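Just below is one structure, and these are the notes that go with it.
Residue numbers (the working numbering): 55 to 863.
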């Protein structure tokens, strides 16, 4: 122990290379830190601010804020671990990753966490204190070693890792129990691995996660913000035994990576339960029977079912005996069964009884985003809004108000009892310009919601055919409304939402600015003091204000009404029930207005989707080889299969087009255009090669076989999670049968499904503010069987053929 009395050569905290400077920071949009030690300075870019933070000598810079419109940096000594975080417009908080981590790399010489106890539980002595022990390592002698407070550190590069002087007079120092960061190694099954290995175990290069070439996939980084899907680094987003990646080899879709296991114990996974809480990831009870009564197979055995969910592959999941567990992110605990005919099944675990006033807020379910329809709008600034929309302007899901993950906050139902903070619905508890919410993306603290302001007058909806497309309203100087985010807005509004006049863009008083000027943005229409959106702000047009105390604010520019009937936007709010068509629920009448019924001899035999007034998309196999258009009619606007609704339109088919590569998809041209009404509205086509992210909640509809689950004769709907093709092609599911031009969707525990008579019908997924037709019901192994999700033609693959066929004919 005498080596602690020797003053070692100071090891400086090594800075990363400037090219990777921002990799050393965690960033959160819309977050502002309350900091006492801070400096304000000009900064033309984020990189400029990061350099200033690195160069600071008056204090240790742990974080900085970048204010885009102000072109200003605020560098700070605190971070979100020590100071409160508030929401603020147009600001991004960057926090040094090293000060956020509670783990060490190597021997922990750069560890800057806040652990302050030894491995035996003794509290550490402050580094600046001289009692009970006079230190050789102090902040004055080693100013760059991070010797702050009484936190564990390794100022002398000790091979045994971080240590501290103790508050025990009989024990001068001791080591601390700091886990390894999952950078050079992985804990458990590598679910939290954040290293930079980007080759598979066979030496293949990894495909970037944000690329769809050579392999299209559903693990889209923006849809899985908590999975850290950066660059082409190996990751484990789906509960595999270890990290993996899609490869750049067209012949090898994906492969595991060779990541070594960490030698230190993994961090605690939190409390364990003898009952079901959330998805049951921390269930440690002894139930060993499935919901159908089958006895569970032992996890360590390979008979009757071979598998890789073993105690060795999942060392942190407590796969002991044959107890039900959830090692891989399923919806509930499950097990392999001792019945050779049933591979696996969910278990029936009693639910934990939790107090409705629990302060933990860790297991609050986040409901799916709700669909804002035309009637769902807000008045004034939206403080009175009590609708069910829960999607932001960029399409992110809202975080539940009663949840503290991923963002801790003070806007709780208890603190604001009259603000209607229910579920994760958009609200305006603090009188902002419009309803907003915290998001489920850890990198974006909050955003305004994707809601329109209610019109002053109620417009009558005319039942007329859809008008032809016209040039953008924003290109007209007379239009004083905006499309989208208003980047092309050229109207003459010149006051903020608070009624404050705008400062002229060319002026420098009362606010000096240099970025957004007529000279720097000559194509942004920065004339006079009109509201504009030169930086593509998702919240819409803004301006610098004439209030010296408020640099900028947003403007109240209404959205242009492009059409009485926009594609993918039903006039009746869908019910959005869980379960699938077999076992789903009866839909609200006319809430899926693109659904059509294909008739042969006046009998329903298949479904389809209206995608334009004259065009219906369906499955090729529905034609059954009979390509005589006169055999078929299309029923639109129906809720009852008998088509007795007054809104029904019956139109013969005039032409049939089959996709030339023999895909299970067909286009039907109607003999006359459908009349677009509140009950008959086309679905939107997806963008070319768009891939729906795994676990996305989508919806199927149809009049098909219900297998005695009620609702026969009326249109049924069901909510289905998309199952990524990599998962769907596992042995226990569809065993490699699903092609890249298809997608899977379904509840793996069975009990509900699309079925006979639903073929050709739509699988639609909600994106931002409309429903997109992502799939055509194609095939499945039976109906509603466990572990056998339905398969749908991936519409985005065939968009060029669809658009070209409609254009030419």
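Positions of the beta carbon are idealized from the N, C-alpha and C atoms, including for glycine.
Bear in mind that the values here come from a model prediction, so they are computed numbers and not experimental data.
### Task
Find out if the Cβ-Cβ distance for the pair residue 817, residue 752 is shorter than 7 angstroms.
Taking the chain shown and counting its residues from 1, one reaches residue 817 at position 763. Taking the chain shown and counting its residues from 1, one reaches residue 752 at position 698. The answer is yes: Cβ separation under 7 angstroms.
### Task
Per DSSP, which residues does residue 689 bridge with? Please list them.
Taking the first residue of the chain shown as position 1, residue 689 is located at position 635. Per DSSP, 651 and 704.
### Query
Identify the residues that DSSP records as bridge partners of residue 498: which are they?
Within the chain shown, residue 498 is the residue found at index 444, counting from 1. Paired residues: 83.
### Task
Report the rounded CA-to-CA distance for residue 385 versus residue 141, giving the unit in angstroms.
Locating residue 385 in the chain shown gives position 331, where the first residue counts as 1. Locating residue 141 in the chain shown gives position 87, where the first residue counts as 1. Between residue 385 and residue 141, the C-alpha separation is close to 32 angstroms.
### Query
Any idea which residues DSSP pairs residue 594 with across the strands?
As a first step, residue 594 is located in the chain shown; it is residue number 540 there, counting from the start. In the DSSP output, where bridge partners are listed per residue, residue 594 has none listed.
### Query
Would a C-beta distance cut-off of 7 angstroms place residue 723 and residue 686 closer than the cut-off?
Start at 1 with the first residue of the chain shown, and residue 723 comes out as number 669. Start at 1 with the first residue of the chain shown, and residue 686 comes out as number 632. Contact flag unset, no.
### Task
Measure the Cβ-Cβ separation of residue 822 and residue 504 and say whether it is below 7 angstroms.
Residue numbering aside, residue 822 sits at position 768 when the chain shown is read from its first letter. Residue numbering aside, residue 504 sits at position 450 when the chain shown is read from its first letter. In contact: residue 822 and residue 504 (Cβ atoms closer than 7 angstroms).
### Query
Below 8 angstroms, can you find three or more Cβ-Cβ pairs linking the segment 190-207 to the segment 257-268?
no
### Query
To the nearest angstrom, how far is it from the Cα of residue 520 to the Cα of residue 148?
Working through the chain shown from its first residue, we reach residue 520 at position 466. Working through the chain shown from its first residue, we reach residue 148 at position 94. Note that residue 520 has pLDDT 38, beneath the 50 cutoff, so the model's placement of it is unreliable and the number below is only indicative. Taking the straight line joining both Cα atoms gives about 48 angstroms.
### Message
Please state the DSSP three-state secondary structure of residue 856.
### Response
Here residue 856 is taken as the residue at index 802 of the chain shown, counted from 1. Here residue 856 sits in helix by DSSP.
### Query
Using the C-alpha atoms, what's the distance from residue 727 back to residue 518?
Residue mapping note: residue 518 aligns to position 464 of the chain shown, counting from 1. Residue mapping note: residue 727 aligns to position 673 of the chain shown, counting from 1. Reliability fails at residue 518, whose pLDDT of 35 lies under 50, so the model's placement of it is uncertain and no value is given.
### Query
Rounded C-beta distance between residue 646 and residue 755? I'm assuming under 8 angstroms.
In the chain shown, counting from the first residue as 1, residue 646 sits at position 592. In the chain shown, counting from the first residue as 1, residue 755 sits at position 701. Residue 646 to residue 755, Cβ: 5 angstroms. Contact.
### Query
Can a CB atom of chain C be found closer than 7 angstroms to the CB of residue 782?
The question asks about chain C, but that chain is absent: this structure has only one protein chain.
### Query
Are the segment 432-446 and the segment 472-490 in contact at 8 angstroms, needing three or more beta carbon pairs?
The answer is yes - the segment 472-490 touches the segment 432-446, with three or more Cβ pairs under 8 angstroms.
### Message
Applying the 10 Å Cβ sphere with the 16-neighbour rule, what's the burial state of residue 88?
### Response
Position 34 of the chain shown, counted from the start, is the residue given in the question as residue 88. Burial call: exposed.
### Message
Give me, in chain order, the residues of the same chain whose beta-carbon lies closer than 7 angstroms to that of residue 648; leave out the 5 immediate sequence neighbours on both sides.
### Response
Within the chain shown, the letter at position 594 stands for residue 648. Here the set comprises 663, 664, 735, 736, 737 and 816.
### Task
Under 8 angstroms by Cβ, that's how I've got residue 461 and residue 439 pegged, so tell me the actual separation to the nearest angstrom.
Numbered from its first residue, the chain shown carries residue 461 at position 407. Numbered from its first residue, the chain shown carries residue 439 at position 385. That belief does not hold up - the Cβ atoms of residue 461 and residue 439 are roughly 21 angstroms apart, past 8 angstroms.
### Message
Just to confirm, is the Cβ distance from residue 550 to residue 592 under 7 angstroms?
### Response
Residue mapping note: residue 550 aligns to position 496 of the chain shown, counting from 1. Residue mapping note: residue 592 aligns to position 538 of the chain shown, counting from 1. No, they are not a contact pair.
### Task
Please confirm whether residue 640 and residue 773 have their CB atoms less than 7 angstroms apart.
Counting from one through the chain shown, the residue named residue 640 turns up at place 586. Counting from one through the chain shown, the residue named residue 773 turns up at place 719. Not in contact: residue 640 and residue 773 (Cβ atoms no closer than 7 angstroms).
### Query
Since residue 545 sits in a beta bridge, which residues does DSSP pair it with?
Sequence index remark: in the chain shown, residue 545 carries index 491 (1-based). Per DSSP, none; premise fails for residue 545.
### Query
If you count every other CB in all the chains shown that lies within 10 Å of the CB of residue 498, and 16 or more means buried, which is it?
For the purposes of this step, residue 498 is taken as the residue at position 444 of the chain shown. It is buried - the Cβ of residue 498 has at least 16 other Cβ atoms within 10 Å.
### Task
Given a cut-off of 7 angstroms, decide if residue 547 and residue 609 are closer than it, judged by their beta-carbon atoms.
The residue labelled residue 609 in the question sits at position 555 within the chain shown. The residue labelled residue 547 in the question sits at position 493 within the chain shown. Yes, they are a contact pair.
### Query
Skipping 5 residues on each side, what residues in its chain have a beta carbon closer than 7 angstroms to that of residue 463?
Counting from 1 along the chain shown, the entry for residue 463 is found at position 409. Closer than 7 angstroms at the Cβ level, and outside the excluded window around residue 463, lie 492.
### Task
Decide if residue 263 is buried, meaning its Cβ has at least 16 other Cβ atoms within 10 Å, or exposed.
Translated into the one-based positions of the chain shown, residue 263 becomes position 209. Buried is the call here.
### Task
Indicate whether the contact test is met: 3 or more Cβ pairs, each with one atom in the segment 301-317 and one in the segment 241-253, closer than 8 angstroms.
yes
### Query
According to DSSP, what are the bridge partners of residue 774?
Walking along the chain shown from the start, residue 774 turns up at place 720. Residue 774 is bridged to 752.
### Query
With burial defined as no fewer than 16 other Cβ atoms inside 10 Å of the residue's Cβ, what is the status of residue 271: buried or exposed?
Taking the chain shown and counting its residues from 1, the one referred to as residue 271 is at position 217. Only buried fits residue 271, as 16 or more other CB atoms lie within 10 angstroms of its CB.
### Query
Relative to the alpha-carbon of residue 207, which residue among 214, 166 and 302 has its alpha-carbon at the smallest distance?
Here residue 207 refers to the residue found at position 153 of the chain shown. Measuring C-alpha to C-alpha distances from residue 207 to each of 214, 166 and 302 identifies 166 as the nearest.
#### Entry: Backbone secondary structure at residue 105 - three-state DSSP
Within the chain shown, residue 105 is the residue found at index 51, counting from 1. Note: residue 105 maps to helix in three-state DSSP.
### Query
Which partner residues of residue 626 appear in the DSSP bridge assignment?
In the chain shown, counting from the first residue as 1, residue 626 sits at position 572. Answer by DSSP bridge pairing: none, since residue 626 is not bridged.
#### Entry: Sequence-distant residues of the same chain with beta carbon closer than 7 angstroms to residue 113, five excluded per side
Taking the chain shown and counting its residues from 1, one reaches residue 113 at position 59. For residue 113, where only same-chain residues beyond five positions count, the Cβ hits under 7 angstroms are 91 and 131.
### Query
Whose C-alpha, out of 378, 350, 657 and 741, is nearest the C-alpha of residue 689?
For the purposes of this step, residue 689 is taken as residue 635 along the chain shown, with counting starting at 1. That would be 657, whose Cα lies nearest to the Cα of residue 689.
### Query
Of the residues 601, 102, 451 and 856, which one's Cα is nearest the Cα of residue 742?
Position 688 of the chain shown holds residue 742. Minimum Cα distance to residue 742 is reached at 856.
### Task
Put residue 846 into one of helix, strand or coil per three-state DSSP.
The count along the chain shown starts at 1 and reaches residue 846 at position 792. Strand, per DSSP.
### Message
Tell me which residue opens and which closes the beta strand (DSSP E) that residue 92 is part of.
### Response
Position 38 of the chain shown holds residue 92. That run of the beta strand (DSSP E) goes 92-96.
### Query
Can you tell me whether DSSP reads residue 816 as helix, strand or coil?
Within the chain shown, residue 816 is the residue found at index 762, counting from 1. Residue 816 falls in the strand class under three-state DSSP.
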